[in-house]
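Peer 1: Here it is: the structure, laid out below.
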Amino acid sequence: MNPSESSAEGLRILIVGGVAGGASAAARARRLSESAHITVIERGPDVSFANCGLPYYIGGDITQRDDLAVQTPTSLSQLLNLEVLTNTEATSINPLEKTLLIKNLATGETTTRHYDKLVLAPGASPIQPNLPGIDLPRVHTLRTLQDMDHIDQDLDCVASVLVLGGGFIGLEMAEQLQHRGLDVSLVERNPQLLPPLDSELSRDLAVALHEKGVDLHFSENMTSIKADGSTMKAHFQSGLELEADLVILSVGVKPDSHLALEAGLELGERGHIRVNEFQQTSDPAIYAAGDAVETHDSILGGYRPLPLGGPANRQGRTAADHIFRGEKALPYPGSIGTAIVRVFDQVAAITGSSERDLIKRSTPYKTVTINAASHADYYPGAEIIKLKLLWSPDDSRLLGAQAIGLEGVDKRIDVLATALRARMTIDDLCHLELCYAPPFGSAKDPVNLAGFAACNLRDGLLKPFYAVPETPAQIIDVRPVAKSQSQPVPGAKNIPLPELRSRLGEVDPDQPVFTICQMGKTSYFAARILQQHGYDAHSIIGGVNVNL
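Every number in the numbering used here is 14 more than the matching position in the sequence shown, counting from 1.
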């Protein structure tokens, strides 16, 4: 049974790990109890720092190292009246005795601490493939302030860098290294950048990197790294060989869950600590939060890990809440996977499930992609946002969303993340009342337009086609003549939309017809005209901007 607020006074709380989950748990615990004995045990020298900001210090966007140190061990101890033990490693848990064995890494001394409640927030470690040369001095990973310092120091005397991995951190590093004036190569083992993003949106990230001179390679698996004087030579399975002065590994992270494993706590398929809605492990006296855990997947069911700072902070708060408030605590509702990255001028964001997720889980889905202006297109500075929705054909509930563009992407994905959490449907998106003034949005926001397009598809008003069909096919380009000539669609006949009704005789009624425009909206209008005149008309989703 969980303790009440009064019986929880004087609890001995041990927290393994600081940074996001652990520091958040400690802060919330202290706000709920002045008399609890709270100890934070951190293996490294820094107890609370902004690890999401590390690439931006390396690139120079953040100029002061101290800005990344959210709290020092001393300031955190004084602020919250905590015992903070840095450079101290938790080595084993005895759940029956409720004890934790810790080791001072400076002296080697080991001591045993008793706890009433234990919070595990050990985080995750960068994956380092077991390959020849992976431990060479100029092969780095980026996870801590010390990692950042080592990379920053080495960059002062190099001209070229190889980044392995095109996920969030790899993309941020490629951008920041280019800002620093270095020659950058990026290698991704998948056929696209940012694997959580669907491929038709990911292509724009590749274009942004290529335009800035970043050398890209896809579907490549590294086999070894060799030092040749001051140069590193990376060898790949395909025979590709790349040279650079420094290598940064960004191929993912693995949970630091060995303590939990050895203590007999339940782990998930990939080694993450499995927790309930209050962050309790299979031992109710032991909680866990952050990158080492997996929580409920609130969209598809089951469990999912999500190594991001926002969830870690909220999970730490939930754990402390439950320790002191029991069932009155606000449960953690599960993760939906909302994330964003900037790559030079492009911003890409995702929330919920991607097509890859849904296919892997054999979950039925429908999808639509639109292109829309970030704000009123008659107001200067409007940019195109490419927005994709995925929803359930059974109940029209939103399953996921993705967007890419130059501005306004974060706003739209935040709206759609909220809609996902609220279990809204595509019908709900049509009538969301969002901010509108010409500098900020449109009377019909891109979120509304995506909802309209999804409902049209569901209701049979839109017969979608997701790519330009291979010729021979009857393709009608309904853009103005000048636009059609400047960016021609192979095999298409140009009939501008205003002329379509008067030129129906040029369209073969015995053959399917595929309409295309710049962004997808006008081709839908054209397809509706043709359908109502008896044609088997399909609108090419997303238009030229997606498909060429």
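Glycine is no exception: its CB is placed at the ideal position from the N, C-alpha and C atoms.
(1) Looking at Leu434 and Thr332, is the spacing between their C-beta atoms short of 7 angstroms?
(2) May I have the straight-line CA-CA distance separating Lys342 from Leu114, to the nearest angstrom?
(3) To the nearest angstrom, report how far apart Ile29 and Phe250 are at their CA atoms.
(4) How far does the alpha helix (DSSP H) with Asn385 in it extend, from its first residue to its last?
(5) Identify the continuous beta strand (DSSP E) that holds Thr126 and give its terminal residues.
(6) Relative to the C-alpha of Lys535, which candidate in Gln525, Gly519, Ile554 has its C-alpha closest?
(7) Sort Tyr538, Asn144, Tyr70 by Cα distance to Leu156 and report the nearest one.
(8) Buried or exposed, going by whether 16 or more other CB atoms sit within 10 Å of the CB of Thr125?
(9) Consult DSSP for Pro332 and reduce its assignment to one of helix, strand or coil.
(10) Are Gly278 and Gly137 close, meaning C-beta to C-beta below 7 angstroms?
(11) Looking at Asp60: is its Cβ nearer than 7 angstroms to the Cβ of Leu132?
(12) Shortest alpha-carbon distance to Ala34 belongs to which of Leu223, Glu291, Ile354, Pro321?
(13) Between which residues of its own chain and Arg375 is the CB-CB distance below 6 angstroms, once the five residues before and five after are set aside?
(14) Look at the alpha carbon of Leu370 and the alpha carbon of Leu471, and state the distance between them as a whole number of angstroms.
(15) Taking 7 angstroms as the cut-off, decide whether the C-beta atoms of Ala506 and Ile489 are in contact.
(16) Taking Glu257 as part of the beta strand (DSSP E), name the residues at either end of that continuous run.
(17) Output the boundary residues of the beta strand (DSSP E) element that contains Leu176.
(18) According to DSSP, is Gln525 part of a helix, a strand, or is it coil?
(19) For the putative contact between Gln416 and Ser367, defined by C-beta atoms under 8 angstroms, what is the C-beta separation to the nearest angstrom?
(20) Give the straight-line distance between the Cα atoms of Thr105 and Lys117, rounded to the nearest whole angstrom.
(21) Thinking just about the alpha-carbon of each residue, which of Lys402, Asp81, Leu544, Pro143 is nearest to the one in Thr237?
(22) Enumerate in chain order the residues of its own chain whose CB-to-CB distance from Glu19 is below 7 angstroms, with the five nearest sequence positions on each side excluded.
(23) In three-state DSSP terms, what is Gly479?
(24) Tell me, to the nearest whole angstrom, how far the beta carbon of Ile399 is from that of Pro460; I am working on the premise that it is less than 8 angstroms.
(25) Bridge partners of Ser106, per DSSP?
(26) Could you tell me how far apart the beta carbons of Ala563 and Val357 are, in whole angstroms, since I believe they sit closer than 8 angstroms?
(27) Give me, in chain order, the residues of the same chain whose beta-carbon lies closer than 7 angstroms to that of Arg517; leave out the 5 immediate sequence neighbours on both sides.
(28) At what residues does the alpha helix (DSSP H) containing Ile183 begin and finish?
(29) For Arg318, write down the residues that DSSP places opposite it in a beta bridge.
(30) Three-state secondary structure (DSSP) at Thr365?
(31) Helix or strand or just coil, what does DSSP make of Glu19?
(32) Is Val429 closer than 7 angstroms to Ala363 when the C-beta atoms are compared?
(33) Given this structure, state the Cα-to-Cα distance separating Glu225 from Pro483, to the nearest angstrom.
(34) Going by DSSP, what residues sit across from Met246 in a beta bridge?
(35) In the stretch 38-103, which residue ranges form an unbroken beta strand (DSSP E) of at least 3 residues, counting only runs that do not cross its ends?
(36) I'd like to check one pair, Asp491 with Pro526: are the Cβ atoms closer than 7 angstroms?
Peer 2: To lay it out plainly:
(1) Counted from its first residue, the sequence shown places residue 332 at position 318. Counted from its first residue, the sequence shown places residue 434 at position 420. Not in contact: Thr332 and Leu434 (Cβ atoms no closer than 7 angstroms).
(2) Start at 1 with the first residue of the sequence shown, and residue 342 comes out as number 328. Start at 1 with the first residue of the sequence shown, and residue 114 comes out as number 100. Approximately 28 angstroms between the Cα atoms of the pair.
(3) One-based indexing of the sequence shown puts residue 29 at position 15. One-based indexing of the sequence shown puts residue 250 at position 236. Cα to Cα, the separation comes out at about 42 angstroms.
(4) Here the question's residue 385 lines up with position 371 in the sequence shown. From DSSP, Asn385 is part of no alpha helix (DSSP H) but of the beta strand (DSSP E) over 380-387.
(5) As a working note, residue 126 is residue 112 in the sequence shown. Run containing Thr126: 124-128, per the beta strand (DSSP E) assignment.
(6) The sequence position of residue 535 within the sequence shown is 521, counting from 1. Residue Ile554 is the option with its Cα nearest to Lys535.
(7) As a first step, residue 156 must be located in the sequence shown, where it is residue number 142. With distances taken between Cα atoms, Leu156 lies closest to Tyr70.
(8) Mapped onto the sequence shown, residue 125 falls at position 111. It is exposed - the Cβ of Thr125 has fewer than 16 other Cβ atoms within 10 Å.
(9) Within the sequence shown, numbered from 1, the residue matching residue 332 stands at position 318. Note on residue identity: the sequence assigns Thr, not Pro, to residue 332. Here Thr332 sits in helix by DSSP.
(10) In the sequence shown, counting from the first residue as 1, residue 278 sits at position 264. In the sequence shown, counting from the first residue as 1, residue 137 sits at position 123. Going by C-beta atoms, Gly278 is not nearer than 7 angstroms to Gly137.
(11) Position 46 of the sequence shown, counted from the start, is the residue given in the question as residue 60. Position 118 of the sequence shown, counted from the start, is the residue given in the question as residue 132. No.
(12) Here residue 34 corresponds to residue number 20 of the sequence shown, with the count starting at 1. Considering only alpha carbons, the answer is Pro321.
(13) If you number the sequence shown from 1, residue 375 lands on position 361. Scanning its chain for C-beta atoms nearer than 6 angstroms, with the 5 sequence neighbours on each side dropped, one finds around Arg375 the residues Leu314, in chain order.
(14) Within the sequence shown, numbered from 1, the residue matching residue 370 stands at position 356. Within the sequence shown, numbered from 1, the residue matching residue 471 stands at position 457. The amino acid occupying residue 370 in the given sequence is Arg; Leu does not appear at that position. Computed Cα separation, rounded: 21 angstroms.
(15) Locating residue 506 in the sequence shown gives position 492, where the first residue counts as 1. Locating residue 489 in the sequence shown gives position 475, where the first residue counts as 1. Against a cut-off of 7 angstroms, the Cβ pair of Ile489 and Ala506 comes out as a contact.
(16) Here the question's residue 257 lines up with position 243 in the sequence shown. It spans 255-258 - the beta strand (DSSP E) in which Glu257 sits, taken as one unbroken run.
(17) Start at 1 with the first residue of the sequence shown, and residue 176 comes out as number 162. Element bounds for Leu176: 174-178.
(18) As a working mapping, residue 525 is identified with position 511 in the sequence shown. DSSP, reduced to helix, strand and coil, places Gln525 outside both helices and strands of the structure shown, so it counts as coil.
(19) Taking the first residue of the sequence shown as position 1, residue 416 is located at position 402. Taking the first residue of the sequence shown as position 1, residue 367 is located at position 353. Not quite, the Cβ-Cβ distance comes to about 10 angstroms (not below 8 angstroms), so this is no contact.
(20) In the sequence shown, the residue the question calls residue 105 occupies position 91. In the sequence shown, the residue the question calls residue 117 occupies position 103. Going from the Cα of Thr105 to the Cα of Lys117 covers about 7 angstroms.
(21) Working through the sequence shown from its first residue, we reach residue 237 at position 223. Among Lys402, Asp81, Leu544, Pro143, the Cα nearest to that of Thr237 is on Pro143.
(22) For this step, residue 19 is matched to residue 5 along the sequence shown. Confidence at Glu19 is low in this model, with a pLDDT of 42, below 50, so its placement is unreliable and the value that follows should be read with caution. Cβ within range, chain order: Phe338, Arg339.
(23) Reading the sequence shown from its first residue, position 465 is the one you call residue 479. The sequence shown places Phe at residue 479, not Gly. DSSP places Phe479 in strand when its eight states are reduced to three.
(24) Residue 399 sits at position 385 when you count from the first residue of the sequence shown. Residue 460 sits at position 446 when you count from the first residue of the sequence shown. Rounded to whole angstroms, the Cβ separation of Ile399 and Pro460 is 5 angstroms, and the two are in contact under 8 angstroms.
(25) Within the sequence shown, residue 106 is the residue found at index 92, counting from 1. For Ser106, which the question treats as bridged, DSSP gives the partners Leu115.
(26) Because the chain is modelled from 15 through 562, residue 563 falls outside the range shown and cannot be assessed.
(27) Stepping through the sequence shown from its first residue, residue 517 is reached at position 503. Ile509.
(28) Here residue 183 refers to the residue found at position 169 when the sequence shown is read from its first residue. From DSSP, the alpha helix (DSSP H) with Ile183 extends over 182-193.
(29) Indexing the sequence shown from 1 puts residue 318 at position 304. Arg318 pairs with Thr309.
(30) The residue labelled residue 365 in the question sits at position 351 within the sequence shown. Three-state result, Thr365: strand.
(31) Within the sequence shown, numbered from 1, the residue matching residue 19 stands at position 5. Caution is warranted here: a pLDDT of 42 is assigned to Glu19, below 50, making its placement in the model unreliable, and no coordinate value can be reported.
(32) Along the sequence shown, one-based indexing puts residue 363 at 349. Along the sequence shown, one-based indexing puts residue 429 at 415. Not closer than 7 angstroms, so no.
(33) For this step, residue 225 is matched to residue 211 along the sequence shown. For this step, residue 483 is matched to residue 469 along the sequence shown. Cα to Cα, the separation comes out at about 28 angstroms.
(34) Within the sequence shown, numbered from 1, the residue matching residue 246 stands at position 232. Under DSSP, Met246 takes part in a beta bridge, and its partners are Ala241, Ala258.
(35) Segments of the beta strand (DSSP E) lying fully in the stretch 38-103: 51-55, 97-99.
(36) Here residue 526 is taken as the residue at index 512 of the sequence shown, counted from 1. Here residue 491 is taken as the residue at index 477 of the sequence shown, counted from 1. Contact: no.
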